[in-house]
Amino acid sequence: MRATANNANNIFLESAKYAGAGFAIATLVSGVMIGLLSPKERAANRWGVSAALLGLVGGGAVGLIQKRQSQSGLDNEQIKIDPQPTGKEHWKGWRNFIVAHKVKESEEIISFYLEPQDRGELSQFEPGQFLTLKLNIPGQEKPVIRTYSLSDYPIPVAYYRLSIKREPAPSGLNVMAGIVSNYLHDHIGEGSVIAVRPPSGNFVIDVHKSLPAVLISNGVGITPMISMAIACCYLNPNRPIWFVHGTRNGLSHAFRDDILALAQKHPNMHVHFAYSRPRPEDNGFYHSEGYIDSQKIKQLVAKEAEFFLCGSPSFMESLRSGLKMWGVPDNQVFYESFERVVSNSIEQPQIAATDKGIALSQIVFAESSRELTWTIDDGTLLEFAEANNIYPPFSCRSGICGTCMCKILEGEVAYQQAPTAAIEPGSALICISKPRTSKVILAL
Ligand SMILES: Cc1cc2nc3c(=O)[nH]c(=O)nc-3n(C[C@H](O)[C@H](O)[C@H](O)COP(=O)(O)OP(=O)(O)OC[C@H]3O[C@@H](n4cnc5c(N)ncnc54)[C@H](O)[C@@H]3O)c2cc1C
Ligand code: FES
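Under our numbering, the residues of the sequence shown are numbered 6 to 449, in order.
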């Protein structure tokens, strides 16, 4: 069932609205009747009609205010939510969305509010999930695909919001700046149309649990955490939430006021902002100086909690090891990285990370009519395809998004790290897999 606007406050407002409208209409009718039947009572008639018109205008104003309040997930204080919101079924494949609004959130993050071009309904998503976008970018041979977390939780879902950080070229390297993020910032505006695949991803929170949820992020890793925090506040106001976020300073700090406003309305939500390089004018806007690490987390919360991590690879690796050393069980730590994590010290989960594969294999790219010899130095099947001028779609290159999923017509693959994306039977994520049999035929 979907969220419904229906709490005690609303019932009062609704009754007042109907009573006012009834009174206004009755006064209007009786004012006109008196004027017609008894011309001498003109003064009373005028008073009656004016009062009625005032009542109608006042009722209209109340209605408009209520409509505005129901627009945003963050502002919506009036809603009562059914405990298990379920959505319309997701659409299949690509669907065109229009950028309805483009909003600057910080010096490097811009939000894009997307509405379906077909004006059809939107399916509900789970807090923490992402969308996959496809863009035709001048200079790129093929459409480019990337994934972005949903950064809001509107109830009911009237739009999808993505918040995207501009990726500069890494300092000291003479390479192109991030292709999609820069294109979105510079060339996609209100009215632009983007192809979008349905919400997806397993980095989600079960809002109905009672254990405290500790949402820890740095940089643009804040995006899924906002969605999780809003969902928890509205769907289960009894679940304690810690929103812990690290950023450089006030210039790079996106959504500060939104998060503070959410915490002000919801006593179950606690906030901690850490600035690594605060400016003098940031005084009073952050809680601690420095980076977020497990020591800081220990000072804030007890370990009987669920921990959700999203941020840069080094931040995630340090937090995961710190939480492990503190004694937090693995099944209470959930994480998602937007970049490839090369981990030395943390054991990968057991599911699906298989053996190293074999040293030599014949790979058939069936749709390209090519048969090539793969050796252990050729890397993943995605890297091997690219090295041979076959360019399958990809986004995360780390088994998270599912964009590179490809049908295997013959043979088997070995995963080099545990995939987190759901894999269809008979398919493989080629960004993290190598051949496991002497011949592998891919539908590429
Ligand atoms: C599940 C998921 C959710 C995500 N959610 C978000 C989100 O909410 N917000 C967000 O902003 N991002 C998010 N991302 C990241 C996003 O998908 C993109 O990876 C990001 O926007 C960068 O894409 P790009 O095309 O701009 O950069 P790319 O073109 O992919 O380049 C990435 C970086 O590599 C550098 N580079 C280019 N060539 C080289 C080279 N030869 N050697 C070394 N470096 C090079 C570029 O300069 C750039 O810094 C998410 C990722 C995943 C997997
Ligand atoms: S590119 Fe994301 S799972 Fe392979």
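Where a beta carbon is used, it is the ideal one built from N, C-alpha and C, also for glycine. Quick caveat: nothing in here was measured; it's all calculated off a predicted structure.
I'd like the span of the alpha helix (DSSP H) that includes Val180, first residue to last.
Locating residue 180 in the sequence shown gives position 175, where the first residue counts as 1. Unbroken run through Val180: none, as it is neither H nor E.
Which term fits Ala236, buried or exposed, when burial requires 16 or more other beta carbons within 10 angstroms of its beta carbon?
As a working note, residue 236 is residue 231 in the sequence shown. The residue is buried, with at least 16 neighbouring Cβ atoms inside 10 Å.
Examine ligand 1 and report whether any of its heavy atoms sits within less than 7 Å of the Cβ of Cys409.
Working through the sequence shown from its first residue, we reach residue 409 at position 404. No - ligand 1 has no heavy atom lying nearer than 7 Å to the Cβ of Cys409.
Between Ala182 and ligand 3, is there a pair consisting of the residue's CB and a ligand heavy atom that are separated by less than 7 Å?
Ligands displayed in this structure: ligand 1 and ligand 2; ligand 3 is not among them.
Whole angstroms are fine: how far does the CA of Val249 sit from the CA of Leu265?
One-based indexing of the sequence shown puts residue 265 at position 260. One-based indexing of the sequence shown puts residue 249 at position 244. Each residue's alpha carbon lies about 12 Å from the other.
For the beta strand (DSSP E) that Lys444 lies in, which residues bound it at each end?
Along the sequence shown, one-based indexing puts residue 444 at 439. Run containing Lys444: 444-447, per the beta strand (DSSP E) assignment.
Do Ile221 and Phe313 come within 8 Å of each other at the CB atom, strictly closer than that value?
For this step, residue 313 is matched to residue 308 along the sequence shown. For this step, residue 221 is matched to residue 216 along the sequence shown. In this structure, Ile221 lies closer than 8 Å to Phe313 by Cβ.
Report buried or exposed for Met181, applying the criterion of at least 16 other Cβ atoms within 10 angstroms of its Cβ.
For the purposes of this step, residue 181 is taken as the residue at position 176 of the sequence shown. Answer is exposed; the Cβ neighbour count stays below 16.
Is any non-hydrogen atom of ligand 1 found closer than 7 Å to the C-beta of Cys436, if you look at the structure I gave you?
Within the sequence shown, the letter at position 431 stands for residue 436. Incorrect: Cys436 has no Cβ contact closer than 7 Å to ligand 1.
Within 10 Å of its beta-carbon, does Glu352 have 16 or more other beta-carbons around it, so buried, or fewer, so exposed?
Counted from its first residue, the sequence shown places residue 352 at position 347. Residue confidence is low: Glu352 scores 44 on pLDDT, short of 50, so the model does not pin down where it sits. No coordinate-derived value is stated.
Look at the alpha carbon of Asp287 and the alpha carbon of Leu365, and state the distance between them as a whole number of angstroms.
In the sequence shown, the residue the question calls residue 287 occupies position 282. In the sequence shown, the residue the question calls residue 365 occupies position 360. Computed Cα separation, rounded: 57 Å.
Assign His106 to one of three DSSP states: helix, strand, or coil.
Within the sequence shown, the letter at position 101 stands for residue 106. Strand.
What does the alpha-carbon distance come out to for the pair Ser75 and Asn273?
Here residue 75 corresponds to residue number 70 of the sequence shown, with the count starting at 1. Here residue 273 corresponds to residue number 268 of the sequence shown, with the count starting at 1. Confidence at Ser75 is low in this model, with a pLDDT of 36, below 50, so the placement of that residue should be treated as unreliable; the coordinate-derived value is given next. Ser75 and Asn273: Cα-Cα distance of roughly 22 Å.
Since Leu447 and Ile368 are thought to touch, with beta carbons under 8 Å apart, how far apart are those beta carbons, to the nearest angstrom?
Along the sequence shown, one-based indexing puts residue 447 at 442. Along the sequence shown, one-based indexing puts residue 368 at 363. Right, their Cβ atoms sit about 7 Å apart.
Ignoring anything shorter than 3 residues or poking outside the stretch 363-398, list the beta strand (DSSP E) runs there in chain order.
You should have 365-370, 375-380.
To which residues of the same chain is Ala259 closer than 6 Å at the C-beta, ignoring the five residues directly before and after it?
In the sequence shown, residue 259 corresponds to position 254, counting from 1. Contacts found: Glu110, Ser111, Ile114.
Counting pairs of Cβ atoms below 8 Å between the stretch 206-216 and the stretch 297-304, do you hit three or more?
With a cut-off of 8 Å, the stretch 297-304 and the stretch 206-216 do not count as touching, because too few Cβ pairs lie within range.
For Thr137, does the count of other Cβ atoms within 10 angstroms reach 16, so buried, or fall short, so exposed?
Counted from its first residue, the sequence shown places residue 137 at position 132. By the neighbour-count rule (16 or more Cβ atoms within 10 Å), Thr137 is buried.
Helix, strand or coil for Tyr118, going by three-state DSSP, please let me know.
Taking the sequence shown and counting its residues from 1, the one referred to as residue 118 is at position 113. Three-state result, Tyr118: strand.
For a test of your reading of the model: does the CB of Pro424 fall under 7 Å from any non-hydrogen atom of ligand 1? Yes or no.
Numbered from 1 along the sequence shown, position 419 holds the residue referred to as residue 424. The answer is no for Pro424.
Using only the heavy atoms of ligand 2, determine whether one of them is closer than 7 Å to the beta carbon of Ser215.
Locating residue 215 in the sequence shown gives position 210, where the first residue counts as 1. No; taking the cut-off as 7 Å, the Cβ of Ser215 has no heavy atom of ligand 2 nearer than that.
Could you tell me the alpha carbon to alpha carbon distance between Cys436 and Asp262, rounded to whole angstroms?
Taking the first residue of the sequence shown as 1, we reach residue 436 at position 431. Taking the first residue of the sequence shown as 1, we reach residue 262 at position 257. For Cys436 and Asp262, the distance between alpha carbons rounds to 38 Å.
So Tyr153 is in the beta strand (DSSP E); what residue range does that whole segment cover?
Looking up residue 153 in the sequence shown gives position 148. 149-154 is the span of the beta strand (DSSP E), which, as asked, contains Tyr153.
Taking Gly4 as the reference, give the member of Pro424, Gly407, Lys439, Gly431 with the closest Cα.
Residue 4 lies beyond the range of the chain shown here (6 to 449); nothing can be said about it.
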